[in-house]
Every structure is written in structure tokens, then in C-alpha cells.
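The next block holds one structure in the form of C-alpha cells; read it before the comments.
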Amino acid sequence: MRLLNRSQQRELMTLLGPLAGKDVLEVGPGPGVLLGLLTRTARHVTGVDPSREMRTLAIRAHAVAIAAGRLDVLPGDAGATGLPDAAVDVVVAVNNVAIWPDLDAGVAELHRVLRPGGRLVLSWHGGEQPSRTSRGLVLPEERLQRIENALRARFPDVRRTLTRRCTVFEARTA
Ligand SMILES: C[S@@+](CC[C@H](N)C(=O)[O-])C[C@H]1O[C@@H](n2cnc3c(N)ncnc32)[C@H](O)[C@@H]1O
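Using UniProt numbering, read the sequence shown as starting at 1 and increasing by one per residue.
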């Protein structure tokens, strides 16, 4: 998973832009490749993942950032992050939106934890040139449209963009 998704994580960091002074939530970070990049510049990063195995890998990989108080890795999922209302400036979820058991509940929860003017970034395999390994994971347009519609039901500003390897939905709170 680390190797498969590494180029996607780099593209997302470019898309996210500067994160200085921002509190960030990553949903479903898996072993934590993106967590490592996010903690380099964000004020604070929280990673929530329902898998104990994945949390263990991420905690092991980022012990220094956790000890320094710059990162927390906690149990949670898209539908129940465990964060208070309006807790973060940015929420990012990479390669897990298509496996959330309840898309609308996930979108509502991530909207709840974002501050006004906050940004939700959902990325899935795809983009302009999907890698050979992720080609089979690209979602049909109908499923992409369902994600976009779920976002539009909550967020006033939604757009879909393609990077080289990722199909990305960006949504902003009012
Ligand atoms: C394919 S991995 C992607 C990991 C990482 N984001 C990446 O791109 O390398 C999917 C991750 O989502 C987590 N996950 C599964 N169900 C989830 C849910 N309902 N909400 C959030 N994350 C979930 C899994 O435990 C796993 O860590």
C-alpha cells in the first residue's frame, strides 16, 4: 500500500498547498505515508483509522511527531471521527471514500468537524493517467457522481479535479 500510493500522496500535498498554522484531520491514513508529509508543515495532525493494525503501523512510523505533540493517531472512521465540532481546518481522505459503509453519514461527519471556511479533500485512484496497478480500482462515473452529489448536499462549494494519478473532490464549508 505504501509503494502503490506514494505518488498519489505527493500529488495531494501539492494540491493541498501550504498548511502552516492549520489543524488537519486525515481519515483512513493506513500505514501513514501522508501523515508523515502533513506533519512536516501543519500545526497539528490527527489521523483516525478503524484498523488497529494500520494505527499500529502509523504510530510506529511517526513516534517522534506523536511524542512532540504534533500528531495523534486514534481509532475512528469517516462516520465517527471522535473529534468535537469545528475542530479542524482541513480534512483529507485518500483511497477510502469508496469503502465507507455510509457515504452520506461520512460526509455529514466530516462537514461537522470542519471550521467555517474549512476544506474537505477526498481522493480516489484515477486521475489523468492511472497507474497500471490502480487502473482496476478506478470508479465508474456513476459512483463518482454519487460522491459529488453527497458533497453538494452539504457543502456550498464543490469541485472535482484530476491530478495525474488521483480523482479529487474538494469541498469548502461556508
Ligand atoms: C486502501 S487503505 C488507504 C490508506 C492510505 N490512505 C493510503 O492511501 O495509503 C484504506 C484505509 O481506510 C481505512 N478505512 C476502512 N474503512 C474506513 C472508514 N469507514 N472510514 C475511514 N477509513 C476507513 C482502512 O483501515 C485503511 O487504513
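Just so it is clear, CB atoms sit at the ideal spot from N, CA and C, and this is done for glycine as well.
Quantities reported herein were computed from a predicted structural model and do not represent experimental measurements.
Check, Outcome
"Starting from A68, follow its DSSP beta bridges and name the residues at the other end.", "DSSP output for A68 lists no bridge partner at all."
"At what residue ranges does the UniProt domain \"Methyltransferase type 11\" (25-122) contain a whole run of the beta strand (DSSP E), taking only runs of 3 or more?", "44-48, 71-74, 88-94"
"Examine ligand 1 and report whether any of its heavy atoms sits within less than 7 Å of the Cβ of residue 175.", "This structure cannot speak to residue 175, because the chain is shown only from 1 to 174."
"Pick helix, strand or coil for A150, following the three-state DSSP scheme.", "helix"
"If you drop the 5 nearest sequence neighbours on each side, which residues of the same chain put their C-beta closer than 6 Å to that of L38?", "V24, V45"
"Just checking A98 against ligand 1 - is the residue's beta carbon closer than 7 Å to any of the ligand's heavy atoms?", "no"
"Of the choices G117, R135, P116, N95, whose alpha-carbon is the least far from that of F169?", "N95"
"Is any heavy atom of ligand 1 found at a distance shorter than 7 Å from the C-beta of V107?", "no"
"Let me check one thing: in DSSP terms, what residues is A171 bridge-paired to?", "L120, V158"
"Decide if the stretch 76-94 is in contact with the stretch 115-134; the criterion is three or more beta carbon pairs, one per stretch, under 8 Å apart.", "yes"
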